[in-house]
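All remarks here apply to the structure that follows.
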Amino acid sequence: MHPTPNRLRPLVLALAIAAAVPAFAQNTTSALSGRVTTAGQAAVAGATVSIRHEPSGTVSQAVTDGEGRYSARGLRVGGPYTVTITKDGQTEVIRDVYLQLAQTGTVDAALTGETQTLDSVQVTGVRLPEGFRADAMGAGTNVSAQRIAALPTIERSIQDFARLDPRVSQSDKQFGSITAAGQNNRFNQVTIDGVTVNDTFGLQANGLPLLRQPVSMEAIQEINVAISQYDVTERGYTGAGINAVTKSGTNDFKGSAYYIFRDGDWGREVDDRGVRFKPFDSQYTAGATLGGPIVRDRLFFFANYEKFKRTSPAPDIGSLTGVTTTQADQVAQIARTRYGIDAGGYAAAALDNTVEEKLVKLDWNINDDHRASLRYTNTVQNQIELARLGGNRLALSSAWFNRINSFESYVAQAFSDWSDSFSTEAKVSYRDFLAEPQPFSRLPQVQISTGTGQIALGTEQYRHANLLRTKTWNGFFAGTWYAGDHTVRAGLDYESNDIYNLFLESSLGNYGFSSIANFDAGRYSSYLLRAPSNG
């Protein structure tokens, strides 16, 4: 067995010069800009702009340039923010400002010589159509925390909310996969806190590493869907770039506990005979969140735990056309008495699919110019697979296996303002995906013909030696220089994938018997054993 060689994406230097302030996608922050003038529309230079995130006390400072313009980047998503503008004893206060993920809000102000306070200004609510905004860099949609909380979702997934963009539609109801602008779902890229959560190896039908996304929707703050973007920081997709950020702690302790239950009998009738579509017996989702301050105005935490369990009905053995239960019992008896093998049974009480998700996030306001965050997630999925079952084939339980997949990720980010016109963003992330099936037995596979069907026992031939592991490192650094009407951005983006794929079918042996009588007599008609070559 040999691990696949590393796939190393070369360093990329990105340089962009754009009119006004561009949107920056695949990002985890927001930005704010604007212009300060006098009552007569003359530019006010040297005004101090203080931008305070009220829930956490995070403060960012900016100073207007000679044209009265200011810009602040690396801000927390959401709000409310309070923007305070001062110059020579004059003060303008704008409250209840909300910012969107990967977007630049605009707050303009006029210093009239009197202290004024403006309340309830949501800067993202007044927007030109996509094609006419100066900062438009392609089509896209933002899904705010308010919309996530208000809208129903059946699968509780980012893909459900991505479909709020009219260019995104569902391509497979069973797996919840989506298509954007007619592209295959594998051409989409999904990132959470800047960490790619795509299926790196390409085995999952939904394009994700697991059957469910590796971070609960209860931990998602906001979602951005980008279509046909041409921002230089965009990469990794030709369909949709779906970018989400997780929630953070604030100065107030906040928590929640939730339980969601669905019954398979609640499905609608699919025809005039009263038949209902019933893909599962029942399922539930239970979890809790908690966030708050560790050090007020400085250090915060947010945590989430969630468990999902779906119980599906076991297949009806009576519907098999080529195998009878009498034949299955006879094969199991021969395996036990003649070969000393526990072949198992054929009746599963139920098929359970469980997913456990954990998330912990820390946010640190180092000072007014620097802040950092650290986030960890762990998701484990366990699903029972009944191998080689259906039609005229029956696999006894010794051929079944647990499909166990795990996804673990770390991401550290730092945001710094080095001057009124220059800021940087640095990000390092690591993700580890492991798919390691756990067979119910460690035996050769045995296949017995019944004349009209087939019975299998022992380890399913494709699980004899089967393991997949991918490790992905990402590094990102960007510096942004604000120059009035123009923004210059340069940076480095590094990615390394280490993929290990072990797959050797029939390495424990594979016996074929032409009849139950021959199985009892020990006369096999075929035998296959695969072994790795030297080297």
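For what it's worth, this note's numbering labels the leading residue of the sequence shown as 535, then goes sequentially. Glycine included, C-beta positions come from ideal geometry on N, C-alpha and C.
Problem - Tyr792 classed as buried or exposed, judged by whether at least 16 other C-beta atoms fall within 10 angstroms - result: exposed
Problem - Contacting residues, own chain, Cβ-Cβ under 7 Å from Asn739 (five flanking each side not counted) - result: What sits at residue 739 in the sequence shown is Ala, not Asn. Excluding sequence neighbours, Ala739 sits near Asp706, Phe709 and Ser711.
Handout entry: DSSP-derived helix/strand/coil call for Glu689
Key = coil
Practice task
Output yes or no for whether 8 Å exceeds the beta carbon distance between Leu977 and Ile875.
Solution key: yes
Exercise for the section: Keeping to the same chain, check which residues put their C-beta closer than 6 Å to that of Arg1057; ignore five residues upstream and five downstream. Expected result: none
Handout entry: Buried or exposed by the 16-neighbour rule on C-beta atoms within 10 Å, applied to Gly736
Key = exposed
Practice task
Find the nearest neighbour of Leu908 within the set Gln995, Pro971, Thr1014 and Thr780, judged by alpha-carbon distance.
Solution key: Thr780
Practice task
Could you check what DSSP says for Thr625 in three-state terms: helix, strand or coil?
Solution key: strand
Practice task
Could you work out which residue in Tyr604, Ala573 and Gly591 is closest to Ala581 when comparing CA atoms only?
Solution key: Tyr604
Problem - the region 971-991 / the region 619-639 touching (three or more Cβ pairs under 8 Å) - result: no
Handout entry: Ala929 and Ala990 closer than 8 Å at C-beta
Key = yes
Exercise for the section: Leaving out five residues on either side along the sequence, give the residues of the same chain with a beta carbon under 6 Å from the beta carbon of Gly987. Expected result: Gly856, Val857 and Asn926
Handout entry: 7 Å Cβ shell around Gly1018 - same chain, five flanking residues per side excluded
Key = Asp599, Glu601 and Arg603
Handout entry: Where Arg830 sits in the DSSP three-state scheme
Key = coil
Problem - Coarse secondary structure for Ile868, derived from DSSP in three states - result: helix
Exercise for the section: Run the CB neighbour count on His587, radius 10 Å, all protein chains shown included, and call it buried at 16 or more, exposed below. Expected result: buried
Practice task
Under the assumption that Arg1003 contacts Leu1042 (Cβ atoms under 8 Å), give the Cβ distance between them as a whole number of angstroms.
Solution key: Their Cβ separation, rounded to whole angstroms, is 21 Å, which puts Arg1003 and Leu1042 out of contact at 8 Å.
Problem - Integer Cβ distance of Leu633 from Ser590, believed to fall under 8 Å - result: Actually they are not in contact, since the Cβ atoms of Leu633 and Ser590 sit about 13 Å apart, beyond 8 Å.
Practice task
Express the C-alpha separation of Ser762 and Ser1048 in angstroms, rounding to a whole number.
Solution key: 57 Å
Exercise for the section: Determine the contact status of Val611 and Leu645, defining contact as a CB-CB distance below 8 Å. Expected result: no
Practice task
Could you tell me the distance, in whole angstroms, from the CA atom of Phe974 to the CA atom of Ala884?
Solution key: 16 Å
Practice task
Run through the region 681-753 for me and flag every whole beta strand (DSSP E) of 3 or more residues, listed as ranges in chain order.
Solution key: 702-706, 711-714 and 723-726
Practice task
Using a threshold of 8 Å, state whether the C-beta atoms of Ser790 and Arg746 are closer than that.
Solution key: no
Practice task
From the DSSP output, in three-state form, read off Tyr793 for me.
Solution key: strand
Exercise for the section: Might you give, ordered along the chain, the residues of its own chain that have their beta carbon closer than 6 Å to the beta carbon of Tyr944, omitting 5 neighbours on each side? Expected result: Tyr910 and Tyr964
Handout entry: Three or more C-beta pairs below 8 Å linking the region 836-851 and the region 886-894
Key = yes
Practice task
Compute the Euclidean distance between the alpha carbons of Trp1015 and Thr958, then round it to the nearest angstrom.
Solution key: 9 Å
Handout entry: Sub-8 Å separation of Leu744 and Asn732 beta-carbons
Key = no
Handout entry: Buried versus exposed call for Ser953 [16 or more other C-beta atoms within 10 Å across all chains shown]
Key = exposed
Exercise for the section: Please say whether Asp797 and Ser816 have beta carbons closer to each other than 8 Å? Expected result: yes
Problem - Span separating the alpha-carbon of Pro847 from that of Thr616 - result: 54 Å
Problem - Helix, strand or coil at Arg1057 [DSSP, three-state] - result: coil
Practice task
Mark Ala778 as exposed unless 16 or more other C-beta atoms lie within 10 angstroms of its C-beta, in which case mark it buried.
Solution key: buried
Practice task
Over the uninterrupted beta strand (DSSP E) stretch that includes Tyr910, give me the two end residues.
Solution key: His904 to Glu919
Problem - Cα-Cα separation, Val766 to Thr618 - result: 32 Å
Handout entry: Expected contact under 8 Å - CB spacing of Thr938 and Glu970 to nearest Å
Key = A small correction: the amino acid at residue 938 is Ile; Thr does not occupy that position in the sequence shown. Indeed they touch by this definition, with Cβ atoms about 6 Å apart.
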